[in-house]
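A short worksheet on the structure shown next.
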Amino acid sequence: MILMSFCSALAFLLVCVFHLVDPSSSMSRDVYLSSVVPIGTLYPLSPLRLLHSDAQSPHAQSWVVHH
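As numbered in mature numbering (1 follows the signal peptide of the UniProt record, and there is no 0), residues -26 to -1, 1 to 41 make up the sequence shown, in order.
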């Protein structure tokens, strides 16, 4: 959650304050479908995300405490 807040704040600063990125630039449908959609689709399948979510689960924490 902290990482998401940090990235959102950084993106806001880069776009709105420092104007390093042109917010009015449009992305074509082809670029969106070939670049953004595959990343968004593969992210939930990422092994690092699964390991992180398992380590944060109450079941994993109780196993560590009791064993």
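Beta carbons: idealized from backbone N, C-alpha and C, even for Gly.
(message) At the level of alpha carbons, what is the spacing between D4 and G14?
(response) Taking the sequence shown and counting its residues from 1, the one referred to as residue 4 is at position 30. Taking the sequence shown and counting its residues from 1, the one referred to as residue 14 is at position 40. Taking the straight line from one Cα to the other gives about 15 angstroms.
(message) Assuming contact is defined by CB atoms lying nearer than 8 angstroms, are V(-6) and L(-13) in contact in what I supplied?
(response) Walking along the sequence shown from the start, residue -6 turns up at place 21. Walking along the sequence shown from the start, residue -13 turns up at place 14. A distance below 8 angstroms separates the beta carbons of V(-6) and L(-13).
(message) Taking only three categories from DSSP, how would you classify L(-13)?
(response) In the sequence shown, the residue the question calls residue -13 occupies position 14. Three-state result, L(-13): helix.
(message) Rounded to whole angstroms, what is the Cα-Cα separation between V10 and L(-24)?
(response) Translated into positions along the sequence shown, residue 10 becomes position 36. Translated into positions along the sequence shown, residue -24 becomes position 3. Answer to the nearest angstrom: the Cα atoms are 20 angstroms apart.
(request) Kindly indicate which three-state DSSP category D4 falls into: helix, strand or coil? (result) To locate residue 4, count along the sequence shown from 1; it is residue 30. Looking at D4 - three-state DSSP - the assignment turns out to be helix.
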